[in-house]
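For the record, the sequence lines run as chains A and B.
Residue 268 in full-length UniProt numbering is what sits at position 268 of the first sequence, and the numbering runs on without skipping anything.
Residue 25 in full-length UniProt numbering is what sits at position 25 of the second sequence, and the numbering runs on without skipping anything.
All remarks here apply to the structure that follows.
Protein chains: 2
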Amino acid sequence: MKNTNENVNQKVKLDDVANEAGVSKTTVSRVLNNRGYISEKTRKKVNEAMELLNYHPNEIARSLFINKTFIIGLIFPTTNNPFYGQLIFHLENISEALGYKVLLCNSEGREDKEKSYLEMLQRHQVDGIIAGSHNRGILEYDNPQLPLVGIDRYLSENTPVVSSDNYDGGKKATQLLIDKGCKKIIHINGSPSLETPANLRREAYEDVMKENEYYPQSYVIGENVIETIFNENPNIDGIFASDDLIASSVMKEAKRRNINIPADLKVIGYDGSEITRMLLPELSTIQQPVKEIADLAVQLLLKQINGETESKIEWKLPVKLIESETT
Amino acid sequence: MKNTNENVNQKVKLDDVANEAGVSKTTVSRVLNNRGYISEKTRKKVNEAMELLNYHPNEIARSLFINKTFIIGLIFPTTNNPFYGQLIFHLENISEALGYKVLLCNSEGREDKEKSYLEMLQRHQVDGIIAGSHNRGILEYDNPQLPLVGIDRYLSENTPVVSSDNYDGGKKATQLLIDKGCKKIIHINGSPSLETPANLRREAYEDVMKENEYYPQSYVIGENVIETIFNENPNIDGIFASDDLIASSVMKEAKRRNINIPADLKVIGYDGSEITRMLLPELSTIQQPVKEIADLAVQLLLKQINGETESKIEWKLPVKLIESETT
DNA sequence: GACAACATGTCAACCGGTTGACATGTTTAT
DNA sequence: ATAAACATGTCAACCGGTTGACATGTTGTC
Numbered sequence: 001m002k003n004t005n006e007n008v009n010q011k012v013k014l015d016d017v018a019n020e021a022g023v024s025k026t027t028v029s030r031v032l033n034n035r036g037y038i039s040e041k042t043r044k045k046v047n048e049a050m051e052l053l054n055y056h057p058n059e060i061a062r063s064l065f066i067n068k069t070f071i072i073g074l075i076f077p078t079t080n081n082p083f084y085g086q087l088i089f090h091l092e093n094i095s096e097a098l099g100y101k102v103l104l105c106n107s108e109g110r111e112d113k114e115k116s117y118l119e120m121l122q123r124h125q126v127d128g129i130i131a132g133s134h135n136r137g138i139l140e141y142d143n144p145q146l147p148l149v150g151i152d153r154y155l156s157e158n159t160p161v162v163s164s165d166n167y168d169g170g171k172k173a174t175q176l177l178i179d180k181g182c183k184k185i186i187h188i189n190g191s192p193s194l195e196t197p198a199n200l201r202r203e204a205y206e207d208v209m210k211e212n213e214y215y216p217q218s219y220v221i222g223e224n225v226i227e228t229i230f231n232e233n234p235n236i237d238g239i240f241a242s243d244d245l246i247a248s249s250v251m252k253e254a255k256r257r258n259i260n261i262p263a264d265l266k267v268i269g270y271d272g273s274e275i276t277r278m279l280l281p282e283l284s285t286i287q288q289p290v291k292e293i294a295d296l297a298v299q300l301l302l303k304q305i306n307g308e309t310e311s312k313i314e315w316k317l318p319v320k321l322i323e324s325e326t327t
Numbered sequence: 001m002k003n004t005n006e007n008v009n010q011k012v013k014l015d016d017v018a019n020e021a022g023v024s025k026t027t028v029s030r031v032l033n034n035r036g037y038i039s040e041k042t043r044k045k046v047n048e049a050m051e052l053l054n055y056h057p058n059e060i061a062r063s064l065f066i067n068k069t070f071i072i073g074l075i076f077p078t079t080n081n082p083f084y085g086q087l088i089f090h091l092e093n094i095s096e097a098l099g100y101k102v103l104l105c106n107s108e109g110r111e112d113k114e115k116s117y118l119e120m121l122q123r124h125q126v127d128g129i130i131a132g133s134h135n136r137g138i139l140e141y142d143n144p145q146l147p148l149v150g151i152d153r154y155l156s157e158n159t160p161v162v163s164s165d166n167y168d169g170g171k172k173a174t175q176l177l178i179d180k181g182c183k184k185i186i187h188i189n190g191s192p193s194l195e196t197p198a199n200l201r202r203e204a205y206e207d208v209m210k211e212n213e214y215y216p217q218s219y220v221i222g223e224n225v226i227e228t229i230f231n232e233n234p235n236i237d238g239i240f241a242s243d244d245l246i247a248s249s250v251m252k253e254a255k256r257r258n259i260n261i262p263a264d265l266k267v268i269g270y271d272g273s274e275i276t277r278m279l280l281p282e283l284s285t286i287q288q289p290v291k292e293i294a295d296l297a298v299q300l301l302l303k304q305i306n307g308e309t310e311s312k313i314e315w316k317l318p319v320k321l322i323e324s325e326t327t
């Protein structure tokens, strides 16, 4: 049996298509990029050759020349989280619709991983980065060689940040608990060392509490914190958790202690992702406009990529109070 | 003010590093790739130059030459789902540890999207693809130019598939309901038109039912199906849902109808992802070994990428029955 | 019949690294 | 003293497309 060309399993390249179609390399490139004059007949011939040979243009070669990859890097703690899972879904979706692909990076909130991802994305010549995971102080963010947008995270002095209206959300949540008659309301938040807009949730909580002449008291989530809260505050009757997962842990612990929700204790969370709404519909929460956040973030990034300027740095999108059975 | 080189905002390239360090292009490349002889002194000089200039080697140029990108494509319905979110997290994590990056594709289960993603990934010269979303019949999968691994999906005759032991899972779930005394057990599954190993869950259900001389009855999930099930089967006392989200919908509907779980109706799901366990711990379920699935899938893909052969096609990993309050 | 628009080809430079061949000079070991 | 190992440089081809300049020929139109 002859070892013909067709048997050799090597990638088909533009030259092969040109040969097959009996035209020049340039003509094939013209067909691919729709430039210059091309007759319908030739176009068809070339397309047929591409079909026949199962040709896929090498985007790497193209990227190298045009100095653009149409790839966006996404750096977030993890897809294994209802909120980020939904956010990343939308980010990818919107990007795809606009002709961009996404490289996914799960930083797990670790600075070292984030740093090496950042380096990796730059090596890969991504056109821009959207990041929602962050420990401020990573030098590379301050010296951005790259279009950059943060989601719910300050990345550097002049990097745009998109977030839900955290202050308003915190206000709505706290106010609801007060309106429902809670006297001893406690707030649980993530690590406050992070300089994130999400801290505004706590700020709003504190402000509203003081306005109503209550004493604000915040705990930071961590090992056994929820147990501690119940132990240290026997008269607790309201909890504002800064995300729904924390809220669900609170509910679990309350159940274990036979504390009745909402009769004895009212609970409200934050995020309101689709999955949480589906699996835990009874939880009251402040819902973030996830799709709108993703939309805006991508838009702002593309603006930067296209060299358009935009002076506004902080973008806050309205939240929605969802009252359910836990309040 | 002079417009020195430093002011020009252009990407630093290998040549610049060479100039800065006062060595040749080749030497810099040798440092980068650790080949040939290099003195410590020179290595240091070069590294300092890279640091100083904030140099990031252009991986695109490198990929083009070595004909390898170290990128893996992931095609799944959506990250906005606890199971896929967790799976994708692990896939990315493991890949990263092995020096690969991932391009994320949310197919939404749509054939057209999947097709265009497949094409896109080939253009981008990914080294391989792991796919868990699929409508069989996409030609490209049958004619793979590319290393390929399926998760819970048959992609083509000889593409490796990794999945949980669906048959055993279906058996365990059904048997549990029977053991708990259910008489009228109904199964709800996803679209059965898909040729997926997950169909074995239904098969096991049917087999176990018949063995115990019960009449198996399956519904396909869709608009209002759950309501229909309750309406058509007033004496129903057991439901095996082929995933936890469906199970949670069943629970919701039961609550609406004041049907007590588990007294009047027992429910068991499938997946047992971390998020579901956290938000809906009361649900009994069959837990898939997500991390192990991801691990194996990546391993099998890398084997293909490295040209090693592996004749085993179907890989089944053991599931775990989690008994909770709904049974 | 002449000129514009259309169609295609040839050729080479370019994107930014990698690599092999080869030359030259310096150390080190024996 | 001499060969082997070490260190670095020069040069050019290469990866697979893209693009611009330029040439040549064909149609279509007024």
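We put the CB at the ideal spot given by N, CA and C, even for glycine.
Quiz item: Assuming residue 369/A contacts aspartate 237/A under a Cβ cut-off of 8 Å, what Cβ separation, rounded to an integer in Å, is found between them?
Solution: Outside the modelled stretch of chain A, which goes from 1 to 327, sits residue 369/A, for which no answer is possible.
Quiz item: What residues from the segment 80 to 94 of chain A come within 9 Å of chain B, judged by C-beta to C-beta, listed N to C?
Solution: Asn80, Asn81, Pro82, Tyr84, Gly85, Gln86, Leu87, Ile88, Phe89, His90, Glu92 and Asn93
Quiz prompt | Residues in the segment 50 to 61 of chain B having any Cβ partner in chain A nearer than 8 Å | solution = Asn54, His56, Pro57, Asn58, Glu59, Ile60 and Ala61
Exercise. Return yes when the Cβ of alanine 131/A is within less than 7 Å of the Cβ of isoleucine 75/A, no when it is not.
Key: For the purposes of this step, residue 75/A is identified with residue 75 of the first sequence, where counting begins at 1. For the purposes of this step, residue 131/A is identified with residue 131 of the first sequence, where counting begins at 1. A contact, by the Cβ cut-off of 7 Å.
Quiz item: histidine 124/A to aspartate 168/B, Cα distance in whole Å?
Solution: What you label residue 124/A is simply residue 124 of the first sequence in a count that begins at 1. What you label residue 168/B is simply residue 168 of the second sequence in a count that begins at 1. C-alpha separation (whole angstroms): 43 Å.
Practice problem: Please name the residue in Val23/B, Asn260/B and Met50/B whose C-alpha comes closest to that of isoleucine 38/B. | Solution: For the purposes of this step, residue 38/B is taken as the residue at position 38 of the second sequence. Of Val23/B, Asn260/B and Met50/B, the residue nearest in Cα terms is Val23/B.
Self-check item: Segments assigned beta strand (DSSP E), at least 3 residues, entirely inside the segment 223 to 284 of chain B
Solution: 238 to 241 and 266 to 271
Self-check item: Contact residues within the segment 244 to 270 of chain A, judged by C-beta distance below 9 Å to chain B
Solution: Asp244, Leu245, Ser248, Ser249 and Lys252
Self-check item: Chain-ordered residues of the segment 281 to 293 of chain A with a beta carbon less than 8 Å from chain B
Solution: Pro281
Exercise. Take every Cβ of the segment 150 to 166 of chain B, pair it with every Cβ of the segment 96 to 111 of chain B, and state whether three or more of those distances are shorter than 8 Å.
Key: no
Quiz prompt | C-alpha distance - asparagine 233/A paired with phenylalanine 240/A, whole-angstrom precision | solution = Residue 233/A sits at position 233 when you count from the first residue of the first sequence. Residue 240/A sits at position 240 when you count from the first residue of the first sequence. One C-alpha to the other measures close to 14 Å.
Quiz item: Where does leucine 104/A fall in DSSP's three states?
Solution: The residue labelled residue 104/A in the question sits at position 104 within the first sequence. In the structure shown, leucine 104/A sits in a strand (DSSP, three-state: E or B).
Quiz item: By how many angstroms is the C-alpha of valine 28/A removed from the C-alpha of valine 12/A?
Solution: For this step, residue 12/A is matched to residue 12 along the first sequence. For this step, residue 28/A is matched to residue 28 along the first sequence. Looking at the two C-alpha atoms, the distance is approximately 13 Å.
Practice problem: Answer with buried or exposed for arginine 201/B, where buried requires no fewer than 16 other C-beta atoms within 10 angstroms of its C-beta. | Solution: On the second sequence, position 201 is the one that residue 201/B refers to. Buried is the call here.
Quiz prompt | Residues bridged to serine 164/B [DSSP beta-bridge criterion] | solution = Locating residue 164/B in the second sequence gives position 164, counting from the first residue. Per DSSP, Leu317/B.
Quiz item: Can you tell me where the alpha helix (DSSP H) with alanine 61/B in it begins and where it stops?
Solution: Translated into positions along the second sequence, residue 61/B becomes position 61. Run containing alanine 61/B: 59 to 66, per the alpha helix (DSSP H) assignment.
Practice problem: Identify whether phenylalanine 70/B lies in helix, strand or coil by the three-state DSSP scheme. | Solution: Position 70 of the second sequence, counted from the start, is the residue given in the question as residue 70/B. Coil at phenylalanine 70/B, not helix or strand.
Practice problem: Evaluate the contact criterion for the segment 109 to 126 of chain A versus the segment 63 to 71 of chain A: three or more CB pairs, one atom per stretch, below 8 Å. | Solution: yes
Exercise. Report yes or no: is there a C-beta of chain B within less than 7 Å of the C-beta of isoleucine 275/A?
Key: Locating residue 275/A in the first sequence gives position 275, counting from the first residue. For isoleucine 275/A, the answer is yes, since a Cβ of chain B falls inside 7 Å of its Cβ.
Practice problem: For glutamine 304/B, return the contacting residues in chain A, with the cut-off set at a CB-CB distance below 8 Å. | Solution: Counting from one through the second sequence, the residue named residue 304/B turns up at place 304. Within chain A, no residue comes near glutamine 304/B; the closest Cβ sits about 14 Å away, beyond 8 Å.
Self-check item: Cβ-based neighbour list, alanine 198/A, same chain, cut-off 8 Å, excluding 5 preceding and 5 following
Solution: Taking the first residue of the first sequence as position 1, residue 198/A is located at position 198. Hits under 8 Å: Asp152, Ser163, Asn166, Asn189, Gly190 and Ser242.
Practice problem: Return the bridge partner residues of serine 218/A from the DSSP annotation. | Solution: Walking along the first sequence from the start, residue 218/A turns up at place 218. Answer by DSSP bridge pairing, in chain order: His187/A.
Quiz item: alanine 198/B by DSSP, collapsed to three states: which one?
Solution: Counting from one through the second sequence, the residue named residue 198/B turns up at place 198. Coil, per DSSP.
Quiz item: CA-CA distance, residue 383/B and methionine 50/B?
Solution: What the structure shows of chain B is the stretch from 1 to 327, and residue 383/B is not part of that stretch, so it cannot be assessed.
Quiz item: If you follow the alpha helix (DSSP H) that valine 28/A is part of, which residue opens it and which one closes it?
Solution: Counted from its first residue, the first sequence places residue 28/A at position 28. Segment 25 to 33, the alpha helix (DSSP H) holding valine 28/A.
Quiz prompt | aspartate 15/A to alanine 21/A span [Cα, whole Å] | solution = For the purposes of this step, residue 15/A is taken as residue 15 along the first sequence, with counting starting at 1. For the purposes of this step, residue 21/A is taken as residue 21 along the first sequence, with counting starting at 1. If you take the alpha carbons of aspartate 15/A and alanine 21/A, they lie about 10 Å apart.
Exercise. List the endpoints of the continuous beta strand (DSSP E) containing valine 12/A.
Key: Taking the first sequence and counting its residues from 1, the one referred to as residue 12/A is at position 12. Run containing valine 12/A: none; DSSP gives neither H nor E here.
Self-check item: Cα-Cα separation between isoleucine 129/B and asparagine 260/B, rounded to whole angstroms
Solution: Translated into the one-based positions of the second sequence, residue 129/B becomes position 129. Translated into the one-based positions of the second sequence, residue 260/B becomes position 260. Going from the Cα of isoleucine 129/B to the Cα of asparagine 260/B covers about 45 Å.
Exercise. Just the C-alpha distance for asparagine 93/B and glycine 181/B, rounded to the nearest angstrom, thanks.
Key: For the purposes of this step, residue 93/B is taken as residue 93 along the second sequence, with counting starting at 1. For the purposes of this step, residue 181/B is taken as residue 181 along the second sequence, with counting starting at 1. Each residue's Cα considered, the two are about 43 Å apart.
Quiz item: Whose C-alpha, out of Thr196/A, Val31/A and Lys312/A, is nearest the C-alpha of proline 57/A?
Solution: Position 57 of the first sequence, counted from the first residue, corresponds to residue 57/A. Per the Cα distances, Val31/A.
Quiz item: Going by beta carbon distance, what residues of the same chain come within less than 6 Å of lysine 266/B, once the five residues before and after it are set aside?
Solution: Walking along the second sequence from the start, residue 266/B turns up at place 266. Correct list, in chain order: Leu177, Lys180, Cys182, Gly238 and Thr327.
Quiz item: Considering only C-alpha positions, which residue in the set Ile221/A, Glu213/A and Asn235/A is nearest to isoleucine 248/A?
Solution: For this step, residue 248/A is matched to residue 248 along the first sequence. The residue asked about is misnamed: residue 248/A is serine in this sequence, not isoleucine. When only C-alpha atoms are compared, the closest one is Ile221/A.
Quiz item: What span of residues does the beta strand (DSSP E) with valine 149/B cover, start to end?
Solution: As a first step, residue 149/B is located in the second sequence; it is residue number 149 there, counting from the start. Start and end: 148 to 151.
Practice problem: Indicate whether the contact test is met: 3 or more Cβ pairs, each with one atom in the segment 106 to 115 of chain A and one in the segment 74 to 88 of chain A, closer than 8 Å. | Solution: yes
Quiz item: When you compare only the Cα positions, how much space is there between proline 147/B and serine 311/B?
Solution: Translated into the one-based positions of the second sequence, residue 147/B becomes position 147. Translated into the one-based positions of the second sequence, residue 311/B becomes position 311. Each residue's alpha carbon lies about 14 Å from the other.
Quiz prompt | Cβ pair leucine 301/A, isoleucine 60/B closer than 7 Å | solution = If you number the first sequence from 1, residue 301/A lands on position 301. If you number the second sequence from 1, residue 60/B lands on position 60. Contact: no.
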